[in-house]
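In this note's numbering, the protein residues as written are 588 to 899. Here is the structure we will look at.
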């Protein structure tokens, strides 16, 4: 015996099933329509169960970072210079890369945010790039919140990047009273926490370090590493000169903030190899790689690392 169901009844059954199904899924947390940024958890050691700073992505907003790592949006905004933005919670890590990018021989981007978050939370983290820098404003915020030890401040010195505003105010003079004010948290010799390049900051960023941490006018209470470092810099002009960012003439193939696709091709890398990394046709050869990444909404450091691994 055949049973016929009218079409409008069938439609009603289908719609009802969908509504009930979706409603139930939402109630149980199974139905998620928006992308959720949930960082991976550390599974072992003293920090097990905490969000791993190494998993912080370029797409994470300040709000995502506050949710995952407990770093207030206001703190992040102050550290990276977004206090004048109407809603800093919407700022993404990759936006910082777009705002600062290459500064001298350092890069301020997503990895800089990872480093800041790690220092704030106290979770050990080794920056993924030797060129990863940290803004002086970020160090000041951490210092004011008592998130840094003297040893950490010393270790961060080679990664210090002074903001342009402060560079224009204090033109590389150790006697300028404004310089110590921006360096109160800095001294050092190695990176954070273990593997770090030798000091590569600009001369005006490192000379006044010894005079900034002391309690007296001559800075005599500075840690021995800071004194040693600053004395070496004051007595070795030739060494200081090597800290000035050099043009990209090294035999090592490195992609900087102004590197073009043409320069990568000059290494002997093929256009097909580059396009395989990009996942799309390569733009005109004279296009700056960093500018292209920003226009495409991609994280420059990720593309840069992949291109640098290419071999002719």
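Note that beta-carbon positions come from the ideal geometry of N, C-alpha and C, so glycine has one too.
For residue 853, the nearest candidate out of 891, 889, 883, 899 (CA to CA): 899
If you follow the alpha helix (DSSP H) that residue 693 is in, where does it begin and where does it stop? Run containing residue 693: none in the alpha helix (DSSP H); it sits in the beta strand (DSSP E), 693-695.
In the DSSP assignment, the beta strand (DSSP E) including residue 689 goes from what residue to what residue? Segment 688-690, the beta strand (DSSP E) holding residue 689.
Residue 724 by DSSP, collapsed to three states: which one? helix
Cα-Cα separation, residue 879 to residue 870: 8 Å
Proximal residues to residue 705 (C-beta, below 6 Å), its chain only, five neighbours per side dropped: 640, 712
Using the C-alpha atoms, what's the distance from residue 596 back to residue 658? 54 Å
Have a look at residue 692 and residue 714 and give me their C-alpha separation to the nearest angstrom. Each residue's alpha carbon lies about 15 Å from the other.
Where residue 667 and residue 717 are concerned, what is the direct C-alpha to C-alpha distance, given to the nearest angstrom? The alpha-carbon separation between residue 667 and residue 717 amounts to approximately 20 Å.
Starting from residue 656, trace the alpha helix (DSSP H) both ways and give me its first and last residue. 649-656
Can you say whether residue 733 is buried or exposed, counting buried as having 16 or more other CB atoms within 10 angstroms of its CB? exposed
Could you pull out every residue in the same chain whose Cβ sits closer than 6 Å to the Cβ of residue 687, ignoring the five residues on either side in sequence? Cβ neighbours of residue 687 beyond the five flanking positions: 695.
Taking buried to mean at least 16 other C-beta atoms within 10 Å of its own C-beta, is residue 671 buried or exposed? exposed
Apart from the five residues just before and just after residue 665, which ones in its own chain have a Cβ nearer than 8 Å to its Cβ? 724, 728
From the DSSP output, read off the bridge partner residues of residue 898. None; residue 898 has no bridge partner.
Just tell me which of 742, 656, 894 has its CA closest to the CA of residue 856. 894
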